[in-house]
Structure formats: structure tokens, C-alpha cells
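Here the structure comes first, spelled out in C-alpha cells, and everything after it is commentary.
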Amino acid sequence: MKHRGRHRRRRRGRALRAALAGTALALTAAATMISASQATDADDPGALRPLTASAETAPLRLTEQAVRGDALDRLSAGMGRPVGIGAVLADPDGSLRDAEECPDDDRRALPVEPAATRAYCWPGRDTVGWRAGAVTTSGDADDDGRWGAHRVILSGWSRTAGSVAEQGLARVAFVDAGDPGAPRYTWALLTVPVDDGRDYRGLGSAVSGMVWYQDKLLVTTGRGEGAALYVYDLDRVQRATVEGRSVGRVPGGWSAAGARYVLTAVASYRTSGAGAPRPDGIALDRSTAPDSLVAHGASSPEDGPTRLWRYSFSTEPHRAGLLDPDPVAVYETELTRVRSVLSYRSGWYLGRMTGTPDERGTLWRQDADGALPTRCGADETHRCWSAGATSLSYWQETGDVWSQSGRMLFALPLASVDRSLHR
């Protein structure tokens, strides 16, 4: 039985690679037809420019606002004992499908080059009216890549249809990645406590970035003055007890807009300076000491230039998973319309939108010496990346970068990104 299972997994892996290769070939053919007038997309942005003047760095200082402990305890007492992530994973809402079983329209969201080596799609019935956003993993949470005994991917989604109140909802899927051949997921609604912990409301804004570090999940929301960085405690996952579209306390218990689990914020951060960029996309960097959170934000939504900066995670035991308030490095890049960020060692990886969401994007590696884009094979075309990918998460234990575009969740080796830069 073990040998037959192993053969099935090998056949599935070969089929997946063949499907992804076929998709990549088709996308490459389409990419090479792009007009040479795209030169402005490939213009060299040059090296990152460090910003050191206090007038440029001080506005990025974070103001932390914690939810009072008695309010959190009151909410837990009302909803019941929190459950562990293992219990959430053991109670799935559905399963992802392997790439070869996904519709062609979904697979078009995959990058051309470098190509995904693992890819799955979400079922349409469970994602209608929702937009995929940020991704983080247990590779961020702990350096051994596991949370307890589990390998986990967290996928953030924002409501885009329904009433005004529903469009402010956001949720996270806990994906059990222990068996790559059959990843299952469970939904949890992101909420904010109100009325001193007697109730909760929906997040109220779209999710643009996520980082899971130790027992905390950090989530960026929105843009402009309403943007914030919320903190969730993954030891405080609560069960919803009433099914329905409502959010919060209802007759008979607690409702979470159809989700069976709830996460309530325990703190929030905001940049304190007037007119300062707000964190949009975020990612974890384990190559620094201490570990750090990196962010990107533009001075205006489309025009740029784009700011890149990092905060160190606190090393104080009682502040596990929380941030030190002052940025430890700030840069400016000439790249505009940046949609995703990743930092590892000396390089910053920046995903950029180059046109409409249906067009190919570009992926750049930029540092203090210069910048290089990924390339579509041997061609000079740089529009190889997925324009819809708004998150990059590096799983250091495996060497893979995870991202999500449309209904496709995918991974590729960071080494393949670096190889594509030098063709």
C-alpha cells in the first residue's frame, strides 16, 4: 500500500509539472507578443536610495494601541474557551484543487517566468464575491516551518460584493499544507472587539498584507488615513456558535458571516506622521538580527515614488510577535505601482503592476547597487509576473516563495527568481 501511494504521488507530481509547464508555455507565447513599446516598464530604476533624514523617517514611527486585557477576557468568557490551530485544521470547510484540475481562466493568473512549481486553485463556490489578497505561512511563524506538528498556509480574502457592511468583511483561510496532494482549508473571520469586549465587528477594510510571526498575525488594511496594521493572537481563535450573515453577538450566540471561527484583534499600529505612507504590503525577513517586518507604501496610490522600510520585532519576552516602533531602515525606489514586497539578505523583491489587472506584471530585485527584472526565458520581455499577486512570503526552511493571484495559490523557489534575473 505504501508503494502504491508513493507511485500515485509521483504520477500526480509529474502531471502537475506538465500542467504548469503547458500553462507557462502558453503564457510565454502571449507575453512575447507584447509590443516593444513597453520599454517604460523595463526602464532601470537604479539602486535603492537610503533615506536617513529625521523628516523622512520620523513620520513612519508606529503608534501602538492595545486592546485592554479585561476586554479580551470578557469576550473569551462570552464565546467560550479559545481553540488551537490544530482543532481549526481538523474541521475543514473544503479542499483546494491541484493546478491540473483548475480552469484555464484561473491558471492564467500564474506567473510566466519563473514558473510555479506548486499551484492550487480555490473552488469558485466558496470564493464568489471575495477577492484574494495576502499570504503568510508557518514558515514565517517559526524557523522550523511548523506550528506545533502542522505546516500551515494562511490566505487572506476581502469581501467585494453584497451590502456596504459586507464589503468591509475580511477572512483568513487556515490551509493544512501537511499533505501537498490534498490541502484542506478552514475559514476564520477577522474582527475587532467593541463595547469593552461584549461584542465584535467586522474588520471594515480590505486586507492588503499579512505576516504570521510567533503567535501573532499582523494584517495591513486599506490605504490613506484609514489604513492600519492590526495584530491578532493565534492563541485566541474562537468558535462561532450561530450560522448566518450577521457579525457579532446575536440571539442564541455569536455569528461570523458564515465562518465557523473568529479572530479578534488584540492591538493595532498606525504610522504617526501626517502624510506618511501607510504600510500596504508587508513581509517577514528572517535574514536580519533581530527578525524584521518590511513594508512598502507609495506617497500617492499610483504615482510613487515608493517607500520601503522595516521595523524590528521586539526581543522582549512579554512582547512576543510585536514590533519596535521606530523604523530601522527606510529607502525610496523609482518603481511605481508596487503591489508586493519581500526582503531577504541584501535584496528587495518587488512585484509591480504594469497595466490593467489582466496584464502581466514585472518582478524586480533591487538593492544598494542596482535593479534587475525577471525575464521571460531568453526574450527581453519583462512582463512575466502575475499582476494580481499582492503578497510574497518566503518559507526559509524549504526555500520557496508563496503568493496568490486570483483563485490560484502558488509557490516557486526563490533560487529560480534569482536565476531568472541574470538571463
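Each residue of the sequence shown is one higher than the one before, counting from 1060 in the working numbering. Virtual Cβ for every residue (Gly too), placed ideally from N, Cα, C.
Buried/exposed call for residue i, threshold 16 Cβ in 10 Å
i, result
"E1172", "buried"
"D1199", "buried"
"V1387", "exposed"
"S1462", "buried"
"A1297", "Looking at the sequence itself, residue 1297 is Gln, so the reference to Ala does not match. Looking at its Cβ environment, which holds 16 or more other Cβ atoms inside 10 Å, Q1297 is buried."
"H1355", "buried"
"S1035", "As shown, the chain starts at 1060 and ends at 1482. That puts residue 1035 outside it, with no answer to give."
"D1157", "buried"
"G1447", "buried"
"P1310", "exposed"
"H1377", "exposed"
"R1184", "exposed"
"T1374", "exposed"
"G1128", "exposed"
"A1371", "For the sequence presented, residue 1371 should be read as Ser rather than Ala. Answer is buried; the Cβ neighbour count reaches 16."
"A1191", "buried"
"L1086", "Residue placement at L1086 is poorly supported in this model, since its pLDDT is 46, which falls under 50; the coordinates are not used for a value here."
"R1404", "exposed"
Which residues DSSP lists as bridging residue i, in chain order
i, result
"A1247", "V1231 and Y1320"
"W1454", "D1459"
"D1344", "S1351"
"T1279", "G1268 and L1288"
"G1406", "Y1403"
"S1371", "S1351"
"H1209", "W1206"
"P1109", "Y1390"
"A1117", "None; A1117 has no bridge partner."
"V1296", "V1142 and L1322"
Top-ranked residue by Cα proximity to residue i, from the options
i, options, result
"A1136", "E1225, V1251, R1295 and S1445", "R1295"
"R1369", "D1426, R1108, L1119 and A1106", "L1119"
"G1237", "W1246, L1422, A1229 and V1211", "V1211"
"E1159", "R1366, E1391 and R1167", "R1167"
"E1456", "L1134, Q1297, A1474 and G1204", "G1204"
"A1286", "S1154, G1227, D1235 and P1376", "G1227"
"S1327", "P1162, G1380 and Y1179", "G1380"
"L1431", "T1413, R1140 and G1406", "G1406"
"L1110", "Y1390, S1475 and G1458", "Y1390"
"W1454", "G1263, L1121 and V1194", "V1194"
"T1330", "T1116, A1112 and D1102", "T1116"
"T1347", "L1401, R1434, E1225 and V1306", "L1401"
"R1308", "R1378, M1138 and H1441", "M1138"
"S1479", "C1443, L1213 and D1344", "C1443"
"A1229", "L1134, S1399 and A1315", "A1315"
"G1317", "Y1403, E1225, Q1273 and T1374", "E1225"
"L1169", "S1445, L1451 and D1152", "S1445"
"V1460", "D1344, D1385, V1231 and R1218", "D1344"
"G1215", "D1163, W1246 and T1433", "W1246"
"P1141", "G1334, G1281 and L1322", "L1322"
"G1153", "R1243, A1191, P1239 and S1222", "R1243"
"R1424", "S1475, F1233 and G1334", "S1475"
"L1249", "V1306, S1222 and P1239", "V1306"
"G1281", "S1222, D1235, P1239 and R1218", "R1218"
Own chain residues within Cβ distance below 7 Å of residue i, not counting five before or after
i, result
"T1300", "G1312 and W1313"
"W1206", "I1144, S1197 and A1200"
"V1253", "Y1259 and R1260"
"F1233", "I1144, V1147, L1148, V1211, L1213, Y1244, T1245 and A1247"
Straight-line Cα distance separating residue j from residue i
i, j, result
"M1269", "V1147", "19 Å"
"G1303", "G1429", "53 Å"
"G1105", "P1336", "22 Å"
"S1267", "T1449", "7 Å"
"D1426", "D1339", "20 Å"
"K1275", "D1477", "30 Å"
"P1470", "A1241", "Residue identity check: residue 1470 is Ala in the sequence provided, not Pro. The straight-line gap from Cα to Cα measures roughly 15 Å."
"V1251", "A1324", "5 Å"
"V1126", "E1418", "42 Å"
"A1130", "Y1291", "14 Å"
"A1208", "S1264", "33 Å"
"A1178", "M1467", "7 Å"
"V1353", "A1342", "5 Å"
"T1091", "T1176", "Low local confidence applies: a pLDDT of 41 at T1091 is under 50, so the model's placement there is unreliable, and no value is given."
"T1186", "S1113", "44 Å"
"A1174", "G1458", "15 Å"
"R1319", "T1440", "45 Å"
"P1472", "D1385", "32 Å"
"Q1273", "S1399", "22 Å"
Cβ neighbours of residue i in the same chain (closer than 6 Å, five flanking residues each side left out)
i, result
"R1411", "L1394, R1396, V1397, G1420 and T1421"
"R1018", "Lying outside 1060 to 1482, the shown extent of the chain, residue 1018 is not represented and no answer is given."
"A1220", "G1188"
"T1279", "S1267, G1268, L1288, P1338 and I1341"
"A1077", "Because A1077 sits at a pLDDT of 49, beneath the cut-off of 50, its placement in the model cannot be relied upon, and the following sentence gives the value as read from the coordinates. Within the same chain, A1077 has no close Cβ partners at all."
Chain D contact for residue i (CB, 9 Å cutoff)
i, result
"A1299", "The question asks about chain D, but that chain is absent: this structure has only one protein chain."
8 Å CB neighbourhood of residue i in its chain, flanking five on each side removed
i, result
"V1122", "A small fix is needed here, since residue 1122 is Thr in this sequence, not Val. Contacts found: Y1328, R1329, T1330, S1331 and P1384."
"R1133", "D1255, G1256 and R1257"
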